[in-house]
Amino acid sequence: MAQQERFDWWAAEPAGRTATTPAGRAGARTAAPAVARQGTAVGEAPAAVPVGPPAPAAGPHAGVEAGQVYRAVQQSPAFREIRRSYRGFAFPATGLFLGWYLLYVLAQAAAPELMRIRLAGPVNVAWLLGLLQFASTFVLTWLYARNARTERDRAALELRWDTQDQLR
6 MAQQERFDWW
16 AAEPAGRTAT
26 TPAGRAGART
36 AAPAVARQGT
46 AVGEAPAAVP
56 VGPPAPAAGP
66 HAGVEAGQVY
76 RAVQQSPAFR
86 EIRRSYRGFA
96 FPATGLFLGW
106 YLLYVLAQAA
116 APELMRIRLA
126 GPVNVAWLLG
136 LLQFASTFVL
146 TWLYARNART
156 ERDRAALELR
166 WDTQDQLR
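When you line the sequence shown up against our numbering, it's residues 6 to 173, in that order.
Here's what the structure looks like:
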């Protein structure tokens, strides 16, 4: 019988094991229906077939170690540009947010009279600044997502696909 290509290698036993019928496997979720195969009768268990991911094809990158690929990607100009763009947003945004938070805490400690000034009903300066902390968190999250989507996501996805192609 000619060797058949297996399309369900992802659902099979780990490499190096042989397949067994699902009913014979401990903890099997469902039993597979009996299917007649070439050379076996209905209801008979087929011979053990090695399963696992298909063998890597011999291509231009055959034998390349993953560590070498990842080091090469890390040193590539595309990766450096993605990191530069990330750092260009994340570091200043983090610094601004921490500065804003520390200003709020220091104002509470150093100027309690200022923080007690009522603005509208029971709302005073301290309450307003505390609520603005929450608002600034959401605004910062939105800005980060927008920056990632417009500046880095497409380049990072292309780099990811290139890396996966090298590892095949």
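Where is the CB? At the ideal position from N, CA and C, for every residue including glycine.
Leaving aside the five residues that flank L145 on each side, the residues in its chain whose CB is nearer than 8 Å to its CB run, in chain order, A98 and F102. In the structure shown, A83 adopts helical secondary structure according to DSSP, grouped into three states. Per the C-alpha coordinates, the member of W166, G72 and S141 positioned closest to G104 is S141. Within the model, the alpha-carbon separation for A153 versus G93 is close to 11 Å. Counting along the chain, no beta strand (DSSP E) covers A161; the unbroken alpha helix (DSSP H) around it starts and ends at D158 to L172. Of A161, V78, R173 and R165, the smallest CA-CA separation from Y91 is found for A161. Apart from sequence neighbours up to five positions away, no residue of its chain approaches Q79 with a beta-carbon distance below 8 Å. The three-state secondary structure of R121, taken from DSSP, is coil.
Across the structure, E156 and A150 are spaced so that their CA atoms are roughly 10 Å apart.
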